[in-house]
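Below: one structure, written as structure tokens.
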Amino acid sequence: MSHDLRDAEAHEPAVSHDLRGQPPHRQLVDLLLIQLSNYRWSWRGMVVTGVCAPLMSTVGLGLVVKQSAQANLLYVLTGSIVLSLMFQNQNNVAGNFAFMKAVGTLDFFATLPIYRHIVIVATVLAFFVLSIPSLLVTVIFGSFFLDVPLHVSPLAVVVVPLCVMPMAGIGALIGVLARTQAEAGSTSLLVSIALLFAGPVILPPDTLPDWLLAVSRVSPSSYAASAIRQVGFGPVTGQLWVDVGVLATLTLVVLWTVGRKIQWHER
Amino acid sequence: MSRIAYDVRNLVKTYPKQSSRATDDVTFQIAEGEIFGLLGDNGAGKTTLVRQMVNLLRPDAGRIELFGRDITEDPRHVSRLVGYMPQSGSALNRLTVGEAVYFAAHLRGLGASAAKRERDELLDLLRVTEIRNKSSSHLSGGQCRLLQLAVAMAARPPVLVLDEPTNDLDPANRKYVWEVLRHWNSEYRTTIILITHDAVEAEKVIKRVGIVQRGRFTALGTPAELKSATALKLHVELSFLPGDPPELPPGMTPWKTADDSWALTVDRGDAQELLAKLDFAKITDIRLYSATLEDLYLHYVS
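As given, the protein sequences belong to chains A and B, one line each in that order.
By full-length UniProt numbering, the letter at position 231 of the first sequence is numbered 231, and the numbering carries on one by one without gaps.
By full-length UniProt numbering, the letter at position 249 of the second sequence is numbered 249, and the numbering carries on one by one without gaps.
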């Protein structure tokens with residue numbers, strides 16, 4: 001090489017302003033706003049899968065079990081709520097991570113002075129915010145149609161987002177591991193259906209075989225359904241703290257795994 | 001004395017399930033404030049090389065220092081100092097053009113009002129102000145490249161790594177982007193590393209060039225150094241009235257012929273003989289020039 005530049009000392013370049021990036025809380029706000037812009041494409045899906053599908057399951061299963069015990073109606077309603085949350089969070093987050101991987105958004109984020117875990121948390125939070133309208137529609141319509149009275153506990157403000165996090169985390173994991181967007185979509189749908197029926201989520205426990213009840217002990221949707229039943233329709237029992245503990249642990253484990261698997265600075 | 005921006009040492013990268021190396025023991029330095037061009041065929045390993053330089057790929061062996069610091073030990077050092085424009089992809093697909101530039105500037109560290117000013121200036125500079133409210137997913141190929149360039153330039157990082165910045169641009173915009181890059185380099189002393197196939201235009205901007213083939217540099221130096229090293233001939237383009245070609249000295253044969261134009265290559269010593277022999281009454285236009293960067297590229301990769 002003709003130009004020997006090796007004599008130069010290590011140095012910082014002269015820059016006219018601070019390029020160290022933003023502190024974590026500002027990164028979170030920016031990334032949250034960026035991810036909220038997903039409403040521009042996700043609102044159609046929100047109407048179809050986040051509202052219509054849960055309403056149809058509420059009506060369909062509700063008509064079947066309407067004459068039975070109130071407890072069974074409660075399972076139909078909470079199951080529909082979990083279904084709405086899964087479609088709006090797990091499936092959309094999976095699709096969004098697969099999309100970001102495909103079009104280079106994750107690469108772009110990786111070249112900015114931001115933390116990968118903040119990208120993950122902001123994405124999950126944004127889709128939770130976007131899922132609130134469909135959640136409210138499902139709760140209000142279901143309560144009215146099935147004649148199940150609402151007894152919303154103030155704890156719902158904390159518990160409902162916590163119910164969403166493991167599912168959204170599973171969606172993120174599917175999205176970062178899938179090779180294509182189509183693969184992410186179909187895998188997430190399959191997992192959603194499996195989680196919905198792997199325990200007393202939409203069907204009461206006395207209708208399920210023992211082995212399925214055993215399987216439900218490792219399914220986040222079972223704990224989410226249990227927690228939502230307690231904070232949405234009462235009464236709140238000691239089981240809620242078990243549910244919260246399991247959901248919080250699952251959230252940490254899943255989001256940490258996503259952070260390890262995400263395509264960032266290649267390890 | 002120039003200071004080093006990038007110092008790349010013995011870099012090696014092989015993709016899984018590939019037998020040949022995508023980067024094969026590459027060593028070079030780039031000075032602060034330099035405009036460095038990477039030329040090479042498709043699949044030569046240029047993109048793999050720059051993706052390692054922006055820390056999106058980890059090399060199997062070797063070392064990359066950016067302003068004296070190893071980038072694999074401190075990944076945020078790169079993201080703090082380098083604006084990267086990828087070869088493809090749409091990055092912030094859901095945002096509008098204005099939002100994409102604003103968030104890039106803000107996340108790189110500018111305050112909200114400074115980021116807004118930066119957005120307005122960059123959109124104006126790259127002549128895309130009229131599409132600022134258009135969704136990034138609805139842009140044409142050329143508009144998308146201009147947006148990606150604006151996003152890479154946002155907050156004026158001291159290093160720009162641009163993977164084919166003029167792809168998909170029309171000739172006028174291509175020429176303008178080269179002007180912008182030259183201006184940016186002289187105004188802010190920005191170090192610019194770029195991959196391009198647009199060798200003719202790039203020659204006006206690039207200060208040093210590396211020609212990549214099969215993961216290695218086959219040539220590295222200033223265009224003038226490479227030209228003198230290859231002792232290339234002169235190029236002659238002759239235009240004449242259709243069907244009435246001029247007579248050439250014996251032994252000179254055009255390598256490109258049309259009904260009204262020829263192109264030929266002559267040794268420097270033979271140029272005078274050619275000019276003396278030509279009947280200029282028959283010549284409508286003549287161009288005589290030394291090797292271009294494109295000629296060098298073709299020479300080194302062939």
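Where a beta carbon is used, it is the ideal one built from N, C-alpha and C, also for glycine.
Would you please verify whether the beta carbon of residue i is less than 8 Å from any beta carbon of chain A?
{"i": "Pro165 (chain B)", "result": "no"}
{"i": "Pro245 (chain B)", "result": "no"}
{"i": "Ala150 (chain B)", "result": "no"}
{"i": "His299 (chain B)", "result": "no"}
{"i": "Val50 (chain B)", "result": "no"}
{"i": "Ala290 (chain B)", "result": "Checking the sequence shown, residue 290 (chain B) turns out to be Ser, not Ala. So, not an interface residue."}
{"i": "Ala105 (chain B)", "result": "no"}
{"i": "Leu275 (chain B)", "result": "no"}
{"i": "Leu95 (chain B)", "result": "yes"}
{"i": "Ser79 (chain B)", "result": "yes"}
{"i": "Leu56 (chain B)", "result": "yes"}
{"i": "Pro63 (chain B)", "result": "Looking at the sequence provided, one finds Arg at residue 63 (chain B) rather than Pro. No, its Cβ sits nowhere closer than 8 Å to a Cβ of chain A."}
Kindly list the residues whose CB is nearer than 7 Å to the CB of residue i, restricted to its own chain and excluding five residues on each side of it in sequence; keep chain order.
{"i": "Arg119 (chain B)", "result": "Gly98, Val101, Tyr102, Ala105"}
{"i": "Tyr285 (chain B)", "result": "The identity of residue 285 (chain B) in the sequence shown is Asp, whereas the question assumes Tyr. Cβ neighbours of Asp285 (chain B) beyond the five flanking positions: Ser239."}
{"i": "Gly243 (chain B)", "result": "Asp259"}
{"i": "Ser216 (chain A)", "result": "Ala198, Gly199, Pro200, Ser222"}
{"i": "Glu9 (chain A)", "result": "In this prediction, Glu9 (chain A) has a pLDDT of 44, which is less than 50 and means its spatial position is unreliable; what the coordinates show is noted afterwards. Taken in chain order, the list of residues that qualify is empty."}
Should residue i be flagged as near chain B, meaning a C-beta pair shorter than 8 Å?
{"i": "Leu19 (chain A)", "result": "yes"}
{"i": "Gly104 (chain A)", "result": "yes"}
{"i": "Leu112 (chain A)", "result": "yes"}
{"i": "residue 283 (chain A)", "result": "Residue 283 (chain A) cannot be examined here, being either before or after the span of chain A that is shown, 1 to 267."}
{"i": "Trp43 (chain A)", "result": "no"}
{"i": "Gln22 (chain A)", "result": "yes"}
{"i": "Phe108 (chain A)", "result": "yes"}
{"i": "Asn38 (chain A)", "result": "yes"}
{"i": "Ile140 (chain A)", "result": "no"}
{"i": "Ala10 (chain A)", "result": "Below a pLDDT of 50, predicted positions are generally treated as unreliable, and Ala10 (chain A), at 46, falls in that range; the measurement from the model is reported next regardless. Closer than 8 Å: yes."}
{"i": "Gln27 (chain A)", "result": "yes"}
Using only alpha-carbon positions, find the residue among the options that is nearest to residue i.
{"i": "Leu56 (chain B)", "options": "B:Arg63, B:Pro75, B:Ala155", "result": "B:Pro75"}
{"i": "Phe145 (chain A)", "options": "A:Lys66, A:Arg44, A:Thr49, A:Asp107", "result": "A:Lys66"}
{"i": "Pro154 (chain A)", "options": "A:Thr111, A:Val236, A:Leu136", "result": "A:Val236"}
{"i": "Thr166 (chain B)", "options": "B:Pro157, B:Arg145, B:Ala152", "result": "B:Arg145"}
{"i": "Thr222 (chain B)", "options": "B:Glu237, B:Lys204, B:Gln213, B:Val26", "result": "B:Lys204"}
{"i": "Trp262 (chain B)", "options": "B:Arg69, B:Leu248, B:Tyr6", "result": "B:Leu248"}
{"i": "Thr47 (chain B)", "options": "B:Pro86, B:Glu32, B:Val26", "result": "B:Pro86"}
{"i": "Leu252 (chain A)", "options": "A:Ser42, A:Leu106, A:Val164", "result": "A:Val164"}
{"i": "Gly141 (chain B)", "options": "B:Pro59, B:Asp60, B:Asp170", "result": "B:Asp170"}
What's the C-alpha gap between residue i and residue j?
{"i": "Met1 (chain A)", "j": "Asp41 (chain B)", "result": "Legend: pLDDT at Met1 (chain A) = 32, less than 50; position of this residue unreliable, no value from coordinates given."}
{"i": "Gly215 (chain B)", "j": "Ser79 (chain B)", "result": "25 Å"}
{"i": "Gly238 (chain A)", "j": "Ser136 (chain B)", "result": "50 Å"}
{"i": "Leu123 (chain B)", "j": "Ala150 (chain B)", "result": "7 Å"}
{"i": "Val157 (chain A)", "j": "Gly245 (chain A)", "result": "16 Å"}
{"i": "Val231 (chain A)", "j": "Val160 (chain A)", "result": "8 Å"}
{"i": "Lys101 (chain A)", "j": "Leu250 (chain A)", "result": "24 Å"}
{"i": "Ile202 (chain A)", "j": "Leu255 (chain A)", "result": "26 Å"}
{"i": "Gln52 (chain B)", "j": "Arg127 (chain B)", "result": "31 Å"}
{"i": "Met46 (chain A)", "j": "Leu125 (chain A)", "result": "16 Å"}
{"i": "Leu213 (chain A)", "j": "Pro205 (chain A)", "result": "7 Å"}
{"i": "Val191 (chain A)", "j": "Leu112 (chain A)", "result": "33 Å"}
{"i": "Leu106 (chain A)", "j": "Leu125 (chain B)", "result": "27 Å"}
{"i": "Arg287 (chain B)", "j": "Arg20 (chain A)", "result": "51 Å"}
{"i": "Ala276 (chain B)", "j": "Phe217 (chain B)", "result": "41 Å"}
{"i": "Arg63 (chain B)", "j": "Phe128 (chain A)", "result": "42 Å"}
{"i": "Ala271 (chain B)", "j": "Arg156 (chain B)", "result": "47 Å"}
{"i": "Thr14 (chain B)", "j": "Leu177 (chain A)", "result": "22 Å"}
{"i": "Leu298 (chain B)", "j": "Val200 (chain B)", "result": "12 Å"}
{"i": "Trp43 (chain A)", "j": "Arg58 (chain B)", "result": "38 Å"}
{"i": "Gly104 (chain A)", "j": "Gln181 (chain A)", "result": "13 Å"}
Which residues in the same chain have their Cβ closer than 6 Å to the Cβ of residue i, if we skip the five residues on either side of it in sequence?
{"i": "Ala138 (chain A)", "result": "Per the sequence shown, residue 138 (chain A) should be read as Thr rather than Ala. Excluding sequence neighbours, Thr138 (chain A) sits near Pro54, Ser80, Ile81, Ser84."}
{"i": "Leu162 (chain B)", "result": "Met85, Leu194"}
{"i": "Arg182 (chain B)", "result": "Val205"}
{"i": "Leu195 (chain A)", "result": "Ser219, Ser221"}
{"i": "Tyr289 (chain B)", "result": "His235"}
{"i": "Ile262 (chain A)", "result": "Arg116, Val176"}
{"i": "Arg132 (chain B)", "result": "Val97, Gly98, Leu123"}
{"i": "Trp264 (chain A)", "result": "Ala110, Arg116"}
Please work out which residues of its chain come closer than 8 Å, Cβ to Cβ, to residue i, disregarding the five sequence neighbours upstream and downstream, and give them in chain order.
{"i": "Gly185 (chain A)", "result": "Asn91, Ala94, Gly95, Ala98"}
{"i": "Leu220 (chain B)", "result": "Phe28, Arg208, Val209, Gly210, Ile211"}
Does any C-beta atom of chain C lie closer than 8 Å to the C-beta of residue i?
{"i": "Tyr84 (chain B)", "result": "In the structure shown, chain C does not exist; the protein chains are A and B."}
Is any heavy atom of the ligand FMN found at a distance shorter than 7 Å from the C-beta of residue i?
{"i": "Leu194 (chain B)", "result": "In the structure on display, the ligand FMN does not appear, and there are no ligands present to speak of."}
> Can you list the beta strand (DSSP E) stretches of 3 or more residues lying completely in the region 78-138 of chain B, in chain order?
Replying inline: Runs of beta strand (DSSP E) with 3 or more residues, each lying fully within the region 78-138 of chain B, are found at 82-85, listed in chain order.
> What are the complete alpha helix (DSSP H) segments, minimum 4 residues, inside the region 87-167 of chain A?
Replying inline: If we require 4 residues or more, the alpha helix (DSSP H) runs fully inside the region 87-167 of chain A come out as 92-103, 105-110, 116-146.
>> Restricting to runs no shorter than 4 residues, where is the alpha helix (DSSP H) found entirely within the region 208-265 of chain A?
In response: Runs found: 210-215, 220-233, 239-261.
> Which runs of the beta strand (DSSP E), 3 residues or longer, sit entirely within the region 137-187 of chain B?
Replying inline: Counting only runs of 3 or more, we get 159-163.
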